[in-house]
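Residue numbers (numbering that gives the first Met the number 0), protein chains in the order written: chain V, 0 to 407; chain A, 0 to 708.
Positions of the beta carbon are idealized from the N, C-alpha and C atoms, including for glycine.
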Amino acid sequence: MPRTVRDVVFVDGVRTPFGKAGPKGIYHETRADDLVVKAIRELLRRNPALDPKKIDEVAIAATTQIGDQGLTLGRTAGILAGLPQSVPGYSIDRMCAGALTAVTSVAGSIAFGAYDAVIAGGVEHMGRHPMGEGVDPNPRFVSEKLVDESALFMGMTAENLHDRYPHITKQRADEYAVRSQEKAAKAYANGKIQQDLVPISVRNTNAEVGETGWGLVTADEPMRPGTTLESLASLKTPFRVHGNVTAGNAAGLNDGATASIIASEEFARENGLPVKMRLVSYAFAGVEPEVMGYGPIPATEKALAKAGLSIEDINLFEINEAFAVQVLSFLDHYGIADDDARVNQYGGAIAFGHPLASSGVRLMTQLARQFEEQPEVRYGLTTMCVGFGMGATVIWENPHHKDAGGSK
Amino acid sequence: MSTTAELLKGAAELFPDEVVTSAHVRHLDLPFGAGRFALITLDNGFDHTKPTTFGPGSLANLNAAVDQVEKEAAEGAIVGVGVTGKPFIFAVGADLKGVEILKKHEDALAIGKSGHEVFKRLAALAVPTFAYYNGAAMGGGVEVGLHCSYRTVSKAIPAFSLPEVFLGLVPGWGGCALLPNLIGAERAVSVIIENSLNQNRQLKGKQVFELGIADAIFEGADFLEQSLIWTANVLKGDVTVERPEVDRGEAWDQAVAKGRFIADSKVHGAAPAAYRALDIIEAAKDGDLQAGFDAEDKALADLIMGGELRSGIYAFNLVQKRAKRPAGAPDKSLARPVTKVGVVGAGLMASQLALLFLRRLEVPVVLTDIDQERVDKGVGYVHAEIDKLLAKSRINQDKANRLKGLVSGVLDKAEGFSDADFIIEAVFEEIGVKQQVFAEVEAVAPAHAILATNTSSLSVSEMASKLKHPERVVGFHFFNPVAILPLLEIVRGEQTDDAALATAFGVARKLKKTAVLVKDAPAFVVNRILTRFMGEIQNVIDEGTPVEVAEKAVEPLGLPMSPLVLLELVGPAIGLHVSETLNRAFPERFTVSENLAAVVKAGKRGFYVYDSGKPELDPEVAALLKQGDVVLTEEQTRARVLDAVAQEIGLMLQEGVVAEAQDIDLCLITGAGWPFHLGGITPYLDREGVSERVNGKKFLAQGVASVPA
Numbered sequence: 000m001p002r003t004v005r006d007v008v009f010v011d012g013v014r015t016p017f018g019k020a021g022p023k024g025i026y027h028e029t030r031a032d033d034l035v036v037k038a039i040r041e042l043l044r045r046n047p048a049l050d051p052k053k054i055d056e057v058a059i060a061a062t063t064q065i066g067d068q069g070l071t072l073g074r075t076a077g078i079l080a081g082l083p084q085s086v087p088g089y090s091i092d093r094m095c096a097g098a099l100t101a102v103t104s105v106a107g108s109i110a111f112g113a114y115d116a117v118i119a120g121g122v123e124h125m126g127r128h129p130m131g132e133g134v135d136p137n138p139r140f141v142s143e144k145l146v147d148e149s150a151l152f153m154g155m156t157a158e159n160l161h162d163r164y165p166h167i168t169k170q171r172a173d174e175y176a177v178r179s180q181e182k183a184a185k186a187y188a189n190g191k192i193q194q195d196l197v198p199i200s201v202r203n204t205n206a207e208v209g210e211t212g213w214g215l216v217t218a219d220e221p222m223r224p225g226t227t228l229e230s231l232a233s234l235k236t237p238f239r240v241h242g243n244v245t246a247g248n249a250a251g252l253n254d255g256a257t258a259s260i261i262a263s264e265e266f267a268r269e270n271g272l273p274v275k276m277r278l279v280s281y282a283f284a285g286v287e288p289e290v291m292g293y294g295p296i297p298a299t300e301k302a303l304a305k306a307g308l309s310i311e312d313i314n315l316f317e318i319n320e321a322f323a324v325q326v327l328s329f330l331d332h333y334g335i336a337d338d339d340a341r342v343n344q345y346g347g348a349i350a351f352g353h354p355l356a357s358s359g360v361r362l363m364t365q366l367a368r369q370f371e372e373q374p375e376v377r378y379g380l381t382t383m384c385v386g387f388g389m390g391a392t393v394i395w396e397n398p399h400h401k402d403a404g405g406s407k
Numbered sequence: 000m001s002t003t004a005e006l007l008k009g010a011a012e013l014f015p016d017e018v019v020t021s022a023h024v025r026h027l028d029l030p031f032g033a034g035r036f037a038l039i040t041l042d043n044g045f046d047h048t049k050p051t052t053f054g055p056g057s058l059a060n061l062n063a064a065v066d067q068v069e070k071e072a073a074e075g076a077i078v079g080v081g082v083t084g085k086p087f088i089f090a091v092g093a094d095l096k097g098v099e100i101l102k103k104h105e106d107a108l109a110i111g112k113s114g115h116e117v118f119k120r121l122a123a124l125a126v127p128t129f130a131y132y133n134g135a136a137m138g139g140g141v142e143v144g145l146h147c148s149y150r151t152v153s154k155a156i157p158a159f160s161l162p163e164v165f166l167g168l169v170p171g172w173g174g175c176a177l178l179p180n181l182i183g184a185e186r187a188v189s190v191i192i193e194n195s196l197n198q199n200r201q202l203k204g205k206q207v208f209e210l211g212i213a214d215a216i217f218e219g220a221d222f223l224e225q226s227l228i229w230t231a232n233v234l235k236g237d238v239t240v241e242r243p244e245v246d247r248g249e250a251w252d253q254a255v256a257k258g259r260f261i262a263d264s265k266v267h268g269a270a271p272a273a274y275r276a277l278d279i280i281e282a283a284k285d286g287d288l289q290a291g292f293d294a295e296d297k298a299l300a301d302l303i304m305g306g307e308l309r310s311g312i313y314a315f316n317l318v319q320k321r322a323k324r325p326a327g328a329p330d331k332s333l334a335r336p337v338t339k340v341g342v343v344g345a346g347l348m349a350s351q352l353a354l355l356f357l358r359r360l361e362v363p364v365v366l367t368d369i370d371q372e373r374v375d376k377g378v379g380y381v382h383a384e385i386d387k388l389l390a391k392s393r394i395n396q397d398k399a400n401r402l403k404g405l406v407s408g409v410l411d412k413a414e415g416f417s418d419a420d421f422i423i424e425a426v427f428e429e430i431g432v433k434q435q436v437f438a439e440v441e442a443v444a445p446a447h448a449i450l451a452t453n454t455s456s457l458s459v460s461e462m463a464s465k466l467k468h469p470e471r472v473v474g475f476h477f478f479n480p481v482a483i484l485p486l487l488e489i490v491r492g493e494q495t496d497d498a499a500l501a502t503a504f505g506v507a508r509k510l511k512k513t514a515v516l517v518k519d520a521p522a523f524v525v526n527r528i529l530t531r532f533m534g535e536i537q538n539v540i541d542e543g544t545p546v547e548v549a550e551k552a553v554e555p556l557g558l559p560m561s562p563l564v565l566l567e568l569v570g571p572a573i574g575l576h577v578s579e580t581l582n583r584a585f586p587e588r589f590t591v592s593e594n595l596a597a598v599v600k601a602g603k604r605g606f607y608v609y610d611s612g613k614p615e616l617d618p619e620v621a622a623l624l625k626q627g628d629v630v631l632t633e634e635q636t637r638a639r640v641l642d643a644v645a646q647e648i649g650l651m652l653q654e655g656v657v658a659e660a661q662d663i664d665l666c667l668i669t670g671a672g673w674p675f676h677l678g679g680i681t682p683y684l685d686r687e688g689v690s691e692r693v694n695g696k697k698f699l700a701q702g703v704a705s706v707p708a
């Protein structure tokens, strides 16, 4: 049977405010599945034109798929969110790129014709599920030296990246981090972020943490506006004595969830749904696990090649800031200045936080807002590094651009 | 310290065992920049299995929370105040234990007043107030919300009610005065009176919204978030709450009249609570809330010091607590698993039992009888009932298929019962027949199988006496209609062992029945008391008192139906049979009425005809009655009947038929539908002085179902 590849679009995306993991965090007494359920519900409320019966799939990512992040979250979250029982769902895992992979997986299926409209997102409650919970690495990794021992510890891989690129100093990383906080604070002040946040009710029963009872979270908890180079200079380097990576120039340990609607362009237009971004290409790539932060570079190379684009065609970047050094290695590779205005305009994970498997859709939601504001930009990309030595990149076209949809 | 705080401190000292509810105040920023908001969470620190209640300590905590938000509101630090509950529970009202211990009218008055004072302060705040009914809300829980400016309700709420009248109180923290002024008298009467008197019927979230009690409804998944977003919109003026105008004209009076009609038909003036509530609703027509609150205080204090409420709480505790831990039941661990049930007989009773076992146990149930036609009829009945359940969407097609697949009928007991663990007989009430049936069953059933009998009046011990293993026979006496009346009298025969008894209690629990352990005594509990009761009425009639006088004499008790209507339901022939059995056992107290025998002989199904729509003495029955010439008044009749009942219960307790008077009351409430305000019957007999007159002492210690000494 003849088959036509269909265009895939990003319809809309929302997220919960991100919290700090741990007993003092805002989500300490909130379930992970409830976070993603509330994100899905908000998405549906915002898009009444999408008949829930027409949703073909719910793909939800989580890195640690046990407890309240287990039980085939895509399916259970769909039921809990009140979707019709006829809507199926599944769980997905590519660690930090979980939600991004949820989007690309369903996008591939949409292009193939298997789905018309899908919910894709991710959640990570790192307070309830600390990194490495329940893992059991095969001893052959070490005995056969398949990977360096540091590969499992993301902070160490970031230190390794500093070793590989000695010109990326702690000073540069800290400067980058200060700018990320500044840009995030400015984006908040201008109301760029809040419009895609889902308010979450939270309970606290521990008087030591703060006021007890029910409260409402409407903003990201990890942000540290007013961060200065001086304040960062004094922070410890927990991954290596006299190292470069600190809590200040890396994303923290966080809780949060994201959700997006991905659809075929035809379906979106027929159903009167917004078209915020058009998918151009995507790619994943592997690198040495001990320098996983380098992953976005080969992934971007692949994605550009598939799209027939070059880096000069990309005028907006949403790079996940797991570590400042990882962003800087990417920028250096492409000869982009550390403070280039096209990069992470609203700030990044260093300010907002990085609840692992949820972050990919945050990047997309922010890029979509920037596309709206900057119709002169035709292409943008979202990219992130992934544990165990991987990178993931998605290239998007701005549908508001005058040439959008045409040939390059 | 405010006077309210002092009042509450005094009350708290009377009630040291209160599970105290905290009123947490937490601040948050409302969405859309609507401002700073104080949210009060009511939480007793336990999970949902221990719902949040209000005692004096809890009210004091809420009072302190109001102190805080009052100050913040006055200073302009907050734009609104909300109240919500812990997960799944909003608040379920006053702590009944705190009501039970009250001994003085003034203390009772203080509880009512202080509740009002605290809740009223919420209403008087300088900023709008919001109640978010997130979960179960009852009584004072509902009322705290009624004092707020706005309310939202969760669609997922399973239970919402003002159950005070059901217990013997009035909604006395604002419910009677506020609710009709919010939603109109007709709807308020249906919530406060009608639902309460209909087995404490609960509202669901959707109804709470449709009745106009809540201004907005949101789904459970993000109820609090949506409530707060709605709050922000209300405060910003983007959402306007419109409530229909309350009809303060004739409709109000009609609603109150309808309420009185409902109360009359349910309690016949016998319990004061509904009438007191209606008086307050009636007076609330002028919208004078403070006058209504004062009337509530007074009604609350009067009722708390009255016997009906104490009986109501006693009855409530029997049904809620004692029913779950049957007195004298052996350790659960002795119970044997029941994986297949046999039913001997396929008549109507047997078929009903088969259906009940099938639905609750979901194990194979096999019916046997003496010919194929009866067996087919029995199985056919069960299938038809399953189809009815399916038609009413009580079960789905899969469940219907499963249940039908589990029920079968055979002629050969060996084939049917060889692997059954629990076999119950419901054959003709004749000791020889039952002994024969059990002998046949024992020959084919596995050694561990329990043999149960649904006899209503025969001796379980005698029935078991000819078996090789009489220790596994147990009485399992249901009440008609089996699907509706909760009571199950579990009868321990002389030789019944603990394993058989434990298994019987285990099965009863799965059947969701209220099991009461009963000694193997003639007619057990309910039938013995009802027969004595009816026998005395019949005696009075036979001696010469007109039927209608005898009937009216017991109306003030508020029984679910009159004695002769009950006789019709049971069937005069069965009534006669039981009276004959009891007459053989206790000829000095139980008579066999010749008039009743004549009615049965004439083939009449009852005393009444209903041609006019109302029960009227059937002229054919009237012609059969041979009455004497002793005509008693209603009062005399009532005294004779109550004396007889008190005497019989006294003797039953002496004989050890049940462990305590409480079990008698539990049996009458759950097996005969006797009302809560009587507390079954013994609290009523105690407070009316009947017990002392007849037996020289009360059945229950002071304070058990009465104001403590």
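Task: Interface residues of chain A facing Ile199 (chain V) [CB-CB closer than 8 Å] - done: Translated into positions along the first sequence, residue 199 (chain V) becomes position 200. What Ile199 (chain V) touches in chain A: Glu224.
Open item on the list: Please list the terminal residues of the continuous beta strand (DSSP E) segment that includes Ile313 (chain V).
Closed with: If you number the first sequence from 1, residue 313 (chain V) lands on position 314. Segment 313–318, the beta strand (DSSP E) holding Ile313 (chain V).
Task: Delimiting residues of the alpha helix (DSSP H) encompassing Thr364 (chain V) - done: For the purposes of this step, residue 364 (chain V) is taken as residue 365 along the first sequence, with counting starting at 1. Here the alpha helix (DSSP H) through Thr364 (chain V) covers 358–372.
Task: Assigned exposure category for Asn400 (chain A) - 16 Cβ within 10 Å defines buried - done: Translated into the one-based positions of the second sequence, residue 400 (chain A) becomes position 401. When all chains shown are included, Asn400 (chain A) counts as exposed.
TODO: May I ask which residues mark the beginning and end of the alpha helix (DSSP H) holding Arg508 (chain A)?
DONE: Position 509 of the second sequence, counted from the first residue, corresponds to residue 508 (chain A). Segment 497–509, the alpha helix (DSSP H) holding Arg508 (chain A).
TODO: Following the continuous beta strand (DSSP E) through Val365 (chain A), name the residue where it begins and the one where it ends.
DONE: Position 366 of the second sequence holds residue 365 (chain A). Unbroken beta strand (DSSP E) run through Val365 (chain A): 364–367.
- [ ] Please confirm if Met0 (chain A) has its CB atom under 8 Å from at least one CB of chain V.
- [x] As a first step, residue 0 (chain A) must be located in the second sequence, where it is residue number 1. Confidence at Met0 (chain A) is low in this model, with a pLDDT of 45, below 50, so its placement is unreliable and no value can be given for it.
Task: Cα-Cα separation between Glu470 (chain A) and Ala503 (chain A), rounded to whole angstroms - done: Position 471 of the second sequence, counted from the start, is the residue given in the question as residue 470 (chain A). Position 504 of the second sequence, counted from the start, is the residue given in the question as residue 503 (chain A). If I take the Cα positions, the gap works out to 13 Å.
Open item on the list: Just checking Pro170 (chain A) against the ligand FMN - is the residue's beta carbon closer than 7 Å to any of the ligand's heavy atoms?
Closed with: The ligand FMN is not among the ligands present in this structure, which contains no ligands whatsoever.
Task: For Val82 (chain A) and Leu145 (chain A), believed in contact at Cβ under 8 Å, the rounded distance - done: One-based indexing of the second sequence puts residue 145 (chain A) at position 146. One-based indexing of the second sequence puts residue 82 (chain A) at position 83. The pair is not a contact, with the Cβ atoms about 11 Å apart (cut-off 8 Å).
- [ ] Can you grab the Cα-Cα spacing for the pair Asp497 (chain A) / Asp330 (chain A), in whole Å?
- [x] As a position in the second sequence, residue 497 (chain A) is number 498, starting the count at 1. As a position in the second sequence, residue 330 (chain A) is number 331, starting the count at 1. Answer to the nearest angstrom: the Cα atoms are 8 Å apart.
Open item on the list: I'd like to know if the region 195–205 of chain A and the region 81–100 of chain A are in contact, where contact means that at least 3 CB-CB pairs between them fall below 8 Å.
Closed with: no
- [ ] Verify the CB distance criterion: does Thr52 (chain A) have a CB-CB separation below 8 Å to chain V?
- [x] The residue given as residue 52 (chain A) occupies position 53 in the second sequence. At a cut-off of 8 Å between C-beta atoms, Thr52 (chain A) does not count as an interface residue with respect to chain V.
TODO: Check whether the Cβ atoms of Leu327 (chain V) and Tyr175 (chain V) lie closer than 8 Å to each other.
DONE: In the first sequence, residue 327 (chain V) corresponds to position 328, counting from 1. In the first sequence, residue 175 (chain V) corresponds to position 176, counting from 1. Yes, the Cβ-Cβ distance between Leu327 (chain V) and Tyr175 (chain V) is below 8 Å.
TODO: Anything in chain A within Cβ reach of Gly251 (chain V), meaning under 7 Å, just list it in chain order.
DONE: Numbered from 1 along the first sequence, position 252 holds the residue referred to as residue 251 (chain V). None at all; the shortest Cβ gap to chain A is about 22 Å.
TODO: Go ahead and pull the three-state DSSP assignment for Ile349 (chain V).
DONE: By one-based count along the first sequence, residue 349 (chain V) stands at place 350. Three-state result, Ile349 (chain V): helix.
- [ ] Determine, using beta carbons only, whether Leu34 (chain V) comes closer than 8 Å to chain A.
- [x] As a first step, residue 34 (chain V) must be located in the first sequence, where it is residue number 35. It does not: the Cβ of Leu34 (chain V) has no partner Cβ on chain A nearer than 8 Å.
- [ ] Please report how far the alpha carbon of Asn395 (chain A) lies from the alpha carbon of Lys511 (chain A), in whole angstroms.
- [x] Along the second sequence, one-based indexing puts residue 395 (chain A) at 396. Along the second sequence, one-based indexing puts residue 511 (chain A) at 512. In this structure, the alpha-carbon of Asn395 (chain A) lies about 21 Å from that of Lys511 (chain A).
Task: Residues that Leu82 (chain V) contacts on chain A, provided the C-beta gap is smaller than 8 Å - done: In the first sequence, counting from the first residue as 1, residue 82 (chain V) sits at position 83. Here the premise fails: no neighbours, minimum Cβ distance about 11 Å.
- [ ] Give a yes or no on whether the minimum CB-CB distance between Phe72 (chain V) and chain A is below 8 Å.
- [x] The residue labelled residue 72 (chain V) in the question sits at position 73 within the first sequence. Looking at the sequence shown, residue 72 (chain V) is not Phe but Leu. No, no contact with chain A.
- [ ] Within 10 angstroms of the Cβ of Met0 (chain A), are there 16 or more other Cβ atoms? Answer buried if so, exposed if not.
- [x] Your numbering for residue 0 (chain A) matches position 1 in the second sequence. At Met0 (chain A) the pLDDT is 45, less than 50, meaning the model places this residue with poor confidence; the figure from the coordinates comes in the next sentence. Under this definition Met0 (chain A) is an exposed residue.
TODO: Go through its chain and collect everything with a Cβ distance to Ile385 (chain A)'s Cβ below 7 Å, but skip five positions before and after it.
DONE: As a working mapping, residue 385 (chain A) is identified with position 386 in the second sequence. Excluding positions up to five away in sequence, the list reads Ala399, Leu402, Lys403.
- [ ] Would you identify the three-state DSSP class for Met0 (chain A), choosing helix, strand or coil?
- [x] To locate residue 0 (chain A), count along the second sequence from 1; it is residue 1. In this prediction, Met0 (chain A) has a pLDDT of 45, which is less than 50 and means its spatial position is unreliable; nothing more can be read from the coordinates.
Task: Where the beta strand (DSSP E) through Ser280 (chain V) begins and ends - done: Numbered from its first residue, the first sequence carries residue 280 (chain V) at position 281. That run of the beta strand (DSSP E) goes 276–285.
Task: Buried or exposed by the 16-neighbour rule on C-beta atoms within 10 Å, applied to Asp338 (chain V) - done: Taking the first sequence and counting its residues from 1, one reaches residue 338 (chain V) at position 339. Residue burial is scored here from C-beta neighbours: Asp338 (chain V) has fewer than 16 other C-beta atoms within 10 angstroms and is therefore classed as exposed.
Open item on the list: Would you say Asp221 (chain A) lies against chain V (beta-carbon separation less than 8 Å)?
Closed with: Taking the second sequence and counting its residues from 1, one reaches residue 221 (chain A) at position 222. Chain V contact via Cβ: present.
Open item on the list: Among A:Ala215, A:Gln198, A:Tyr131, A:Asp285, whose alpha-carbon lies nearest the alpha-carbon of Leu223 (chain A)?
Closed with: The residue labelled residue 223 (chain A) in the question sits at position 224 within the second sequence. Of A:Ala215, A:Gln198, A:Tyr131, A:Asp285, the residue nearest in Cα terms is A:Tyr131.
- [ ] Identify each residue in the region 1–26 of chain A for which the Cβ-Cβ distance to at least one residue of chain V is less than 9 Å, and report them in chain order.
- [x] Within the region 1–26 of chain A, the residues whose Cβ lies closer than 9 Å to any Cβ of chain V are, in chain order, Ser21, Ala22, His23, Val24, Arg25, His26.
- [ ] Report the rounded CA-to-CA distance for Gly649 (chain A) versus Val188 (chain A), giving the unit in angstroms.
- [x] Indexing the second sequence from 1 puts residue 649 (chain A) at position 650. Indexing the second sequence from 1 puts residue 188 (chain A) at position 189. Between the C-alpha atoms of Gly649 (chain A) and Val188 (chain A) there is a straight-line separation of about 40 Å.
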